[in-house]
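Residues in the sequence shown are numbered consecutively from 157, following our numbering.
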Amino acid sequence: NKQRAVLSATIVARDCMTADALATASMVLGEKDALSMVEQLPNTEAFLILSAPDGEYRRVMSSGFEAFLAE
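What follows is the structure, encoded as structure tokens:
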């Protein structure tokens with residue numbers, strides 16, 4: 157079920173209203189469609205936490221999100 161696959165969606169966008177709307181959309185769309193959507197938007201990045209079939213968690217991010225991670 158796509159809606160349960162995305163457990164958390166963190167979005168970096170120009171303003172908080174846009175980030176909130178995109179995070180909500182990402183929760184509904186699922187991993188592939190959410191990342192595809194974000195990759196098409198300028199100045200927008202995503203970090204998703206997903207449930208895995210084995211009960212563990214997976215993390216995925218858009219191509220530019222790493223710039224926001226501390227070393």
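Glycine included, every Cβ here is placed at the ideal spot set by N, Cα and C.
Nearest-angstrom Cβ-Cβ length linking residue i and residue j, presumed shorter than 8 Å
i, j, result
"A175", "A169", "4 Å"
"M183", "A165", "5 Å"
Residue i versus residue j: straight-line alpha-carbon distance, rounded
i, j, result
"F203", "P209", "19 Å"
"A179", "N199", "15 Å"
"E201", "M173", "14 Å"
For residue i, the three-state DSSP class (helix, strand or coil)
i, result
"E201", "strand"
"L206", "strand"
"L163", "strand"
Buried/exposed call for residue i, threshold 16 Cβ in 10 Å
i, result
"L225", "exposed"
"I167", "buried"
Contact check, residue i vs residue j, beta carbons under 8 Å
i, j, result
"V216", "E187", "yes"
"S218", "L185", "no"
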